[in-house]
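K.L.:
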Ligand code: GLU
């Protein structure tokens, strides 16, 4: 039987990087096994779900290249794929459970329920002790509902029964009897709860593998009860390890950006984000750390998940990004830079020939494409001369002011906006042959006079890219 796996986000916010990781695993697992990956929108929390978030999530998944085979935007055999369009189905199953005596209408007041949960925590009494679960109140309950009273429906839990699963990540997981009390499956506003409709849909969508975050492990016991009550086959569950920050706490906004759209804005490549997130909780069979999703179609399987918490480290993500940047062709790199770099910035103010030269020069100096603009701003606008031990040493050589004076004169005579590579070479030759400056004093001297720094990108390539004016300003400062 081929794998059918789903990602089931609630559109109550932007796509979280944890969600992106789950979706990525679902996508590659389906691709690697010839199965299907389904996107289902779980929007029964009407107050918090919005169409804008749904669209934003779909856009982010598309940007990541995590394509689905079935979903609200592409349809499929088991449509609809949006829970708000499936309410009748849930109602029919609620009715079935009510009929079978496995669910009951509950008329307890808020205050009563609060007291029950207080007693449950303090005295260890069952989480629900309301009278409505008893058969003798069934007729009264039905009458009240028939008279139009709105109320919630609870699942009747057997307090003596324990449950277990063989989790794809965690192995055997036991849920002891009495862990949960009678839980709400339908709210008084007629909307089903997550633990109920999630099961109905996984069954209706023929899902046989569930990959989701570890935080849902505790929900699983309620879902197992619903599976059992409705006679549905239980899928294989894999609860993925949580992501933590460097303080070992669950990853949250205080650790930095957690939503995919922010990484997009920060200039990360989608393939790098996928690659990095994939390794937070899964390992490559050949221990590769750089790969594309297409590479994984050959090797991905769900036996290599790791259950220990995965430490999220933005520096590793940046490194992964730098590796993927180097895999791009010249044209792809240019397109990426054009898309990400600010349209009113220095990069965009030059022609394509200049842009290509600039990218080839700076590629090995950057990890994320946005750093190109930062470096340009630095070289274009910052005419400060670095003041550190290295610069003090360079300034102490008698050859440095000689170079500076010579360059100042030469640059002043350049009629174009930029210095050409030929001119740069001629000046170096002159200093070597006529001024007899060689080796470190020559190269470091040139670099320092022209850039104000003791290290940086290849000088011969850099200088023709910079405006003459900025070179002149720096050279003047050194020659003073
Ligand atoms: N809608 C749930 C969520 O966004 C889905 C959980 C699941 O995959 O079962 O967390």
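In our numbering, the protein residues as written are 144 to 623.
Each residue gets a CB set at the ideal place from its N, CA and C atoms; glycine is no exception.
Keep in mind the model is a prediction, meaning the values are calculated, not measured.
1. Between residue 180 and residue 170, how many whole angstroms is the CB-CB distance? I'm expecting something under 8 Å.
2. Given this structure, state the Cα-to-Cα distance separating residue 556 from residue 486, to the nearest angstrom.
3. Taking only heavy atoms of the ligand GLU into account, decide whether any of them is closer than 7 Å to the Cβ of residue 353.
4. Give me the residue from 411, 400, 256 with the minimum Cα distance to residue 269.
5. Note the first and the last residue of the continuous alpha helix (DSSP H) segment covering residue 618.
6. I'd like to confirm the pairing. Which residues does DSSP put opposite residue 184 in its beta bridges?
7. Using alpha carbons as the reference points, say which of 224, 210, 146 lies closest to residue 153.
8. According to DSSP, which residues form a beta bridge with residue 454?
9. Since residue 305 and residue 249 are thought to touch, with beta carbons under 8 Å apart, how far apart are those beta carbons, to the nearest angstrom?
10. So what does DSSP say about residue 394, is it helix, strand or coil?
11. Which first and last residues belong to the alpha helix (DSSP H) in which residue 534 is found?
12. Is the number of C-beta pairs between the segment 412-428 and the segment 217-231 that are closer than 8 Å three or more?
13. So is the beta-carbon of residue 151 under 7 Å away from any non-hydrogen atom of the ligand GTP?
14. Tell me the rounded alpha-carbon separation between residue 554 and residue 623.
15. Less than 8 Å between the C-beta atoms of residue 550 and residue 593, yes or no?
16. Between the C-alpha atoms of residue 542 and residue 535, what's the straight-line distance to the nearest angstrom?
17. If we count the other Cβ atoms within 10 Å of its Cβ and call it buried at 16 or more, is residue 201 buried or exposed?
18. On the DSSP letters alone, give me the boundaries of the alpha helix (DSSP H) that residue 233 sits inside.
19. Run through DSSP, which three-state label would residue 94 get?
20. Which same chain residues end up closer than 6 Å to residue 245 when comparing Cβ atoms and leaving out the 5 residues on each side of it in sequence?
P.N.:
Judging by the given coordinates:
1. Taking the chain shown and counting its residues from 1, the one referred to as residue 180 is at position 37. Taking the chain shown and counting its residues from 1, the one referred to as residue 170 is at position 27. Contact flag correct, Cβ pair sits at about 5 Å.
2. The residue given as residue 556 occupies position 413 in the chain shown. The residue given as residue 486 occupies position 343 in the chain shown. Roughly 32 Å separates the two Cα atoms.
3. The residue labelled residue 353 in the question sits at position 210 within the chain shown. Yes, the beta carbon of residue 353 sits closer than 7 Å to at least one heavy atom of the ligand GLU.
4. Taking the chain shown and counting its residues from 1, the one referred to as residue 269 is at position 126. It is 256 whose Cα lies nearest to the Cα of residue 269.
5. Within the chain shown, residue 618 is the residue found at index 475, counting from 1. Counting along the chain, the alpha helix (DSSP H) containing residue 618 begins and ends at 611-622.
6. The sequence position of residue 184 within the chain shown is 41, counting from 1. Partner(s): 225.
7. Residue 153 sits at position 10 when you count from the first residue of the chain shown. Per the Cα distances, 224.
8. Here residue 454 refers to the residue found at position 311 of the chain shown. Answer is 387, bridged to residue 454.
9. By one-based count along the chain shown, residue 305 stands at place 162. By one-based count along the chain shown, residue 249 stands at place 106. Not confirmed; about 24 Å, so no contact.
10. As a working mapping, residue 394 is identified with position 251 in the chain shown. Residue 394 falls in the coil class under three-state DSSP.
11. Translated into positions along the chain shown, residue 534 becomes position 391. Run containing residue 534: 532-539, per the alpha helix (DSSP H) assignment.
12. no
13. As far as ligands go, the structure on display features the ligand GLU and does not contain the ligand GTP.
14. On the chain shown, position 411 is the one that residue 554 refers to. On the chain shown, position 480 is the one that residue 623 refers to. Those two C-alpha atoms are separated by around 16 Å.
15. For the purposes of this step, residue 550 is identified with residue 407 of the chain shown, where counting begins at 1. For the purposes of this step, residue 593 is identified with residue 450 of the chain shown, where counting begins at 1. Going by C-beta atoms, residue 550 is nearer than 8 Å to residue 593.
16. In the chain shown, counting from the first residue as 1, residue 542 sits at position 399. In the chain shown, counting from the first residue as 1, residue 535 sits at position 392. Their Cα atoms are separated by approximately 13 Å.
17. For the purposes of this step, residue 201 is taken as residue 58 along the chain shown, with counting starting at 1. Buried, because 16 or more other Cβ atoms sit within 10 Å of the Cβ of residue 201.
18. As a first step, residue 233 is located in the chain shown; it is residue number 90 there, counting from the start. From DSSP, the alpha helix (DSSP H) with residue 233 extends over 230-242.
19. Beyond the ends of the chain as shown, which are 144 and 623, falls residue 94; an answer cannot be given.
20. Locating residue 245 in the chain shown gives position 102, counting from the first residue. Closer than 6 Å at Cβ, skipping near neighbours: 299, 372.
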